[in-house]
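Count the sequence shown with the numbering used here and you get residues 307 to 761, in order.
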Amino acid sequence: MATTLPTVKHLIDGQQVAGGTRSQDVFNPATGQAEKRLLLADKATVELAIASAQAAFPAWRNTPPLKRARVMGNLKVLLEQHADELCAMITAEHGKVLSDSLGELQRGIENVEYASYAPELLKGEHSKNVGPAIDSWSEFQALGVTAGITPFNFPAMVPLWMWPMAVACGNTFVLKPSERDPTSTLRIAELALEAGLPPGVLNVVNGDKEAVDTLLCDPRVKAVSFVGSTPIAEYIYSEGCKHGKRVQALGGAKNHAVVMPDADIGNAVSALMGAAYGSCGERCMAIPLVVAVGDAAADAVIAGLKTEIAKMKVGPGTAHGMDMGPLVTKPHLEKVRGYVDQGVKEGATLVVDGRGLTVAGHADGYFLGPCLFDNVKPGMVIYQEEIFGPVLGVVRVKTLQEAMDLIDAHEYGNGTCIFTRDGEAARYFTDNILVGMVGVNVPLPVPVAYHSFGG
Ligand code: NAD
């Protein structure tokens, strides 16, 4: 007999409500089993949420900023108290190991903490006598109903980038989280109510394109914040702007790590293991590409990575001591496997092949072992496209200039990390020598990476 799955609804006007005739399953990626049924909001349901946010706006914008900020302070405490429950929800739907879920939640809590400083941030400026008897001032005004559309890979953190700051500034909000792992997002919104957020200030609608399109077209929505893949970011940006909204849309990435000949290889390898395989590579700031300057650096970094990969424990994110869990869904697993097949076809050397991995007792889980390619070349699909899985490629170049030119030419806006002794020296210089800290017993730097973020 078929069992009935628990239904995941929407949170509108402070109440869990059903809405929409379509639904889809939410899977546990470690088992491959559907565990919940998610209702997909139709246009009418999203409009109900927008109406609730619109109705809550006048009183909320007139609530003193300090009182709004207090709610954020209360929420921070509640999130800390409910961390275990929230991390279990994230891991059950996303698949990441519990320590990664906790890391994500902590980054999210930091955003709530920052939003609690909103009264200070909302202070305007006043300039007297900018012209004869003319004063000038600026102030921050809430916009009204704002909306957020978020990706699967950080179901707690990315929504917390958006709505706490928006509501602390006096806006109201309609959030459309990822349909793949919506439960922790919804639970956090319930905790916000418990923290003192009035009903209607934050509404959550679960759904897909229909829900998103309703938010993009409705004239009551004044601003939209999006995080997700590049093609959808482009769509959100153009559609939102077409409808006169303020839009910020953050897309995908392909980040490079340059390993210089003088780098501390042990440090580089240890940082790369976390950056490439942490959260199964499903992070916009993951490092999927190493650009090794010189064959000696390439050979050393590959040897080090092979040794560390052999020690990795891959299994369900809830199990003790796991380094990596499954990918989020079966289609995503197939997509990432497809990239590995493609890399082999294109002539890159597959040094570590994770495709044969089996996890005892989890035959239907969406597991892929860590994969490592050598001799990746620009122009290969695995070099150009965002894979978003545990696949690391090494590109060999001869000079730092060649490495920089490659990174600059890549179509994605990237975060770049350079492993070099010189970078460590530069950091030590700016942190300590430049600010006169030498002689104040500053410890010598542990070899750390030198990060620069550019596009
Ligand atoms: P996605 O683009 O598939 O989905 C993001 C959101 O858009 C979801 O809420 C989804 O329901 C909605 N959506 C999907 N298709 C849509 C359509 N056709 N029309 C309207 N809405 C649609 O992204 P994802 O797979 O959930 O997340 C992974 C992506 O997010 C990666 O590309 C990653 O790099 C990116 N990301 C970027 C950042 C950043 O800061 N730049 C941070 C995290 C994730």
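Using N, Cα and C, we set each Cβ at its ideal position, and we do this for glycine too.
### Query
How about residue 556: is its Cβ closer than 7 Å to a heavy atom in the ligand FMN?
In the structure on display, the ligand FMN does not appear, and the ligands it does have are the ligand NAD.
### residue 533 Cβ short of 7 Å to the ligand NAD heavy atom set
yes
### Separation of residue 409 from residue 613, as counted between CA atoms
26 Å
#### Entry: Boundaries of the alpha helix (DSSP H) in which residue 331 is found, first to last residue
Premise fails: residue 331 lies in the beta strand (DSSP E), 328–334, not in any alpha helix (DSSP H).
### Query
Which two residues bound the contiguous beta strand (DSSP E) that contains residue 341?
339–346
#### Entry: Inter-residue CB distance, residue 657 and residue 608 (contact presumed, cutoff 8 Å)
6 Å
### Task
Can you tell me the Cβ-Cβ gap for residue 399 and residue 464, rounded? I've got them flagged as a contact below 8 Å.
About 14 Å separates the two Cβ atoms, so there is no contact after all.
### At least 3 beta-carbon pairs within less than 8 Å: the segment 621–631 vs the segment 589–602
At 8 Å Cβ cutoff, the stretches do not touch.
### Simplified DSSP assignment, three categories, for residue 504
coil
### One or two residues paired with residue 431 in a DSSP bridge
444
### Query
Between 468, 689, 673 and 497, which lies nearest to residue 420 when the distance is taken from Cα to Cα?
Per the Cα distances, 468.
### Query
Is any heavy atom of the ligand NAD found at a distance shorter than 7 Å from the C-beta of residue 515?
yes
### Query
Is the segment 443–455 touching the segment 478–488 in the sense that three or more CB pairs, one from each, lie closer than 8 Å?
Yes: at least three Cβ pairs fall under 8 Å.
### Task
List in chain order: all unbroken beta strand (DSSP E) runs of 3+ residues lying wholly within the segment 542–601.
552–556, 562–565 and 595–599
### Message
Does residue 435 pass the burial test, meaning 16 or more other C-beta atoms within 10 Å, or should it be called exposed?
### Response
Its Cβ having fewer than 16 others within 10 Å, residue 435 is exposed.
### Per-residue burial, residue 440 [other beta carbons within 10 Å of its own, 16 or more giving buried]
exposed
### Task
Could you pull the start and end residues of the beta strand (DSSP E) that residue 475 belongs to?
Counting along the chain, residue 475 falls outside any beta strand (DSSP E), and DSSP gives it neither H nor E.
### Query
The beta strand (DSSP E) spanning residue 529 covers which residue range?
Per DSSP, the continuous beta strand (DSSP E) segment holding residue 529 begins and ends at 527–533.
### Message
Am I right that residue 695 and residue 674 are in contact with their C-beta atoms under 8 Å? What's the rounded C-beta distance?
### Response
Contact flag correct, Cβ pair sits at about 6 Å.
### Query
Would you report the Cα separation of residue 354 and residue 567, rounded to the nearest angstrom?
59 Å
#### Entry: residue 759 - DSSP class collapsed to helix/strand/coil
Note that residue 759 has pLDDT 30, beneath the 50 cutoff, so the model's placement of it is unreliable and no number is given.
### Query
How long is the line joining the alpha carbons of residue 462 and residue 494, rounded to whole angstroms?
8 Å
### Message
Considering only heavy atoms of the ligand NAD, does any lie closer than 7 Å to the CB of residue 544?
### Response
Answer for residue 544: no, Cβ out of range of the ligand NAD.
### Task
Answer yes or no: the CB of residue 559 versus the heavy atoms of the ligand NAD, is any distance below 7 Å?
Yes, the Cβ of residue 559 comes within 7 Å of a heavy atom of the ligand NAD.
### Message
On the DSSP letters alone, give me the boundaries of the beta strand (DSSP E) that residue 721 sits inside.
### Response
721–725
### Message
Counting C-beta neighbours from all protein chains within 10 Å, is the total for residue 366 16 or more, i.e. buried, or is it exposed?
### Response
buried
### Task
Pull up the distance between the alpha-carbon of residue 407 and that of residue 584, whole angstroms please.
11 Å
### Query
Under the criterion of a Cβ to heavy atom distance below 7 Å, does residue 456 qualify as lining the ligand NAD?
yes
### Task
Ignore the nearest five residues each way along the sequence and tell me which others in residue 692's own chain have a CB closer than 6 Å to its CB.
If we look at residue 692 and ignore the five residues flanking it on each side, its Cβ neighbours are 558 and 560.
#### Entry: Neighbourhood of residue 315 by C-beta, 7 Å cutoff - its chain only, sequence neighbours within 5 removed
322, 323, 324 and 345
### Message
I'd like the span of the beta strand (DSSP E) that includes residue 317, first residue to last.
### Response
Its beta strand (DSSP E) spans residues 316–318.
### Query
From residue 380 to residue 501, what does the alpha carbon distance come to, in whole angstroms?
The alpha-carbon atoms of residue 380 and residue 501 are separated by roughly 5 Å.
### Message
Just verifying my parser: in three-state terms, what is the DSSP assignment at residue 392?
### Response
helix
### Query
Closer than 7 Å: is that where the CB of residue 677 sits relative to any heavy atom of the ligand NAD?
No - the ligand NAD has no heavy atom lying nearer than 7 Å to the Cβ of residue 677.
#### Entry: Euclidean distance between Cα positions of residue 299 and residue 659
The question about residue 299 has no answer, for the chain in this structure spans 307 to 761.
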